[in-house]
Structure formats: C-alpha cells, structure tokens
Amino acid sequence: MTISGNKITESIINKLQEIPLDKQKQILEYVEALTEEKEPLSFPKKRVFGLHQGKIWMSDNFNQPLPDNFWNFDS
C-alpha cells in the first residue's frame, strides 16, 4: 500500500487535532528533536607515533626515589 506525501501529511494533521494540547506539545518536542540538525559522527584521528619526537625531554634521574625532605610538608 503506497500513500502519497500529501496524504501522509494530511493524515498526521487530522490525528494531531484529535490529541489533547499537552500531548501535542510532547509530539512537537519530539518532532523538533527529529528535525534538529546534527553533526555527523566523527571518529578520533589515529595517533601518529613519533610525531613530536625531540619536542620534550625527561631528566635522567626521573625514576630515582625522591629525597625524604620532599615528603616533609611541615617546613
């Protein structure tokens, strides 16, 4: 069964007129959400290994334990 676009629109309008106003408001909010323009989903770009090579450095003693006075917050 094929129904033309005009018939569908007319049928929707006729049915909406039978629905109480509070329900019409809910339907309007739903229709607005359906017609709201949404940005297409974009996937994060893949990371490129070595892209920033040489841009940062780390101290040679980075993994060494911190001195005890580092943890003393009283002074």
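Letter by letter, the sequence shown follows residues 4 to 78 in this note's numbering. Idealized CB from N, CA, C, for every residue including glycine.
Alpha carbon to alpha carbon, how far is Ile-16 from Glu-40?
The residue you call residue 16 lines up with position 13 of the sequence shown. The residue you call residue 40 lines up with position 37 of the sequence shown. Going from the Cα of Ile-16 to the Cα of Glu-40 covers about 23 Å.
Would you kindly report the start and end of the unbroken alpha helix (DSSP H) that includes Leu-37?
Taking the sequence shown and counting its residues from 1, one reaches residue 37 at position 34. Counting along the chain, the alpha helix (DSSP H) containing Leu-37 begins and ends at 24-38.
Cβ-Cβ separation, Leu-44 to Ile-30 (assumed contact under 8 Å), whole Å
As a working note, residue 30 is residue 27 in the sequence shown. As a working note, residue 44 is residue 41 in the sequence shown. At roughly 27 Å, the Cβ-Cβ gap does not stay under 8 Å, so Ile-30 and Leu-44 are not in contact.
I need the boundaries of the alpha helix (DSSP H) containing Leu-19, first residue and last residue.
Indexing the sequence shown from 1 puts residue 19 at position 16. Note, Leu-19: alpha helix (DSSP H), 8-20.
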